[in-house]
Structures are given as C-alpha cells and as structure tokens.
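Using the numbering used here, read the sequence shown as starting at -17 and increasing by one per residue.
Quick notes on the structure that follows.
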Amino acid sequence: GTRKRTVRAGTPLSVSIRPASVSAVARAHALIFSKSGSPHPPSWEWIGRLCPGKPALAMRTRPLGLFGPGGEKREPGEPTLAFCGIGKPEGFFADLEAFGAKVVAKAIFADHHRYRIKDVSALMAQARQAGAARMATTDKDAVKIDPEWLSGLPLLVFRVEPDFMGGEDKLIELCLGAG
-17 GTRKRTVRAG
-7 TPLSVSIRPA
3 SVSAVARAHA
13 LIFSKSGSPH
23 PPSWEWIGRL
33 CPGKPALAMR
43 TRPLGLFGPG
53 GEKREPGEPT
63 LAFCGIGKPE
73 GFFADLEAFG
83 AKVVAKAIFA
93 DHHRYRIKDV
103 SALMAQARQA
113 GAARMATTDK
123 DAVKIDPEWL
133 SGLPLLVFRV
143 EPDFMGGEDK
153 LIELCLGAG
C-alpha cells in the first residue's frame, strides 16, 4: 500500500505527501501552493532538495459568487445547505461562509462522488429539516446532478477563480516556456 509520511520544515505548517507524489513533485516544472495567505510561497528545505531551481507560486481562490441554474447571481444571505464531494471540503465551507452565506447544514461526500437521485433526495430532506431555502455546491459537483432530480429547492453553484496575488506574469511566462 501507499505509506503516508509527514515532512516538517521549521514552519508552523506540515505537509503530508505520499511516496508516489514525491516523484510527481520532482518531475514538475513549477510548484503552485494553493490556499496560500501570502504571495510568497513557503521556502521549505524539502522543496529545494526535490525541485532545485524550480519556480514556486502561491495561489488562493477569490469568490465570484453564488449562481443559480440560469447563471444569475444570487445574494448569499438566505439559509443554505452546503454540500460537496471534494478533497478538502472544509475549505469549500469556510470560503462559502466567509463570502457571507448563511450555512445552516452541511453534507460531505467522498472526493469525485458520483451523485444519484437518492443522494439528492436525502440532501433535500436534510435541507428542509434544517430550514434551508436552497442548496449550494461546487461547479465540480453541480455538473454531476441531474436538474430533474431537484424539486422545490434551488441548487446554487459557489464559483471561485484563482488569484495568483501578483504572480500572474510569472505563471504566463511558465506556461509559454519563457520561465
């Protein structure tokens, strides 16, 4: 099986990487640190050993808003059941709440979950029980839900975009092969 190990490098953060990930990082042309609060990526010792001379960029997500099924922008204040099937669901919930959504209930599915009508029925029941007027999820999850499965509660999508905090020119150079 895959053994997980944690690498600490003198920062308050720890990074967990799987052995297969180590070789993927070593083959990378650049490293992008997501959910970064600083425009300067961490300079951990292990990065230098695995990726000598490779550029590193920091990225965070910037909320674009909540959008209805027709692409119309919706206000964040109504009671909402939030759900997702992504690798780090706590980040989705935190971003949604920081945006101003009134999350009254949450549901988490496994990453890459394939939704079925029974999942959506259970979500709608949970939403009604919690007093939610609508449900909100990620773009990744919304495309997996048949609109015909929804009855009475609108499904909104919380959209975000990448923010490279001033590193966009460096990213473009890397993509064009000039970096």
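Idealized CB from N, CA, C, for every residue including glycine.
Query                                                                                                                       : Result
Beta-carbon contacts of Ile90 that lie in its chain and below 8 Å, excluding the five residues immediately before and after : Phe65, Cys66, Gly67 and Pro71
Alpha-carbon spacing of Asp101 relative to Ile127, whole angstroms                                                          : 10 Å
Pro51 - DSSP class collapsed to helix/strand/coil                                                                           : coil
Nonlocal neighbours in the same chain, by C-beta distance under 8 Å from Asp77, ignoring five residues either side          : Thr43, Pro45, Phe140 and Val142
For Phe15, the residue or residues it bridges with in DSSP                                                                  : Ala40
Buried/exposed call for Ala8, threshold 16 Cβ in 10 Å                                                                       : exposed
For Met165, the three-state DSSP class (helix, strand or coil)                                                              : This structure gives no information on residue 165, because the portion of the chain shown stretches from -17 to 161.
Inter-residue Cα distance where the pair is Lys84 and Ala124                                                                : 19 Å
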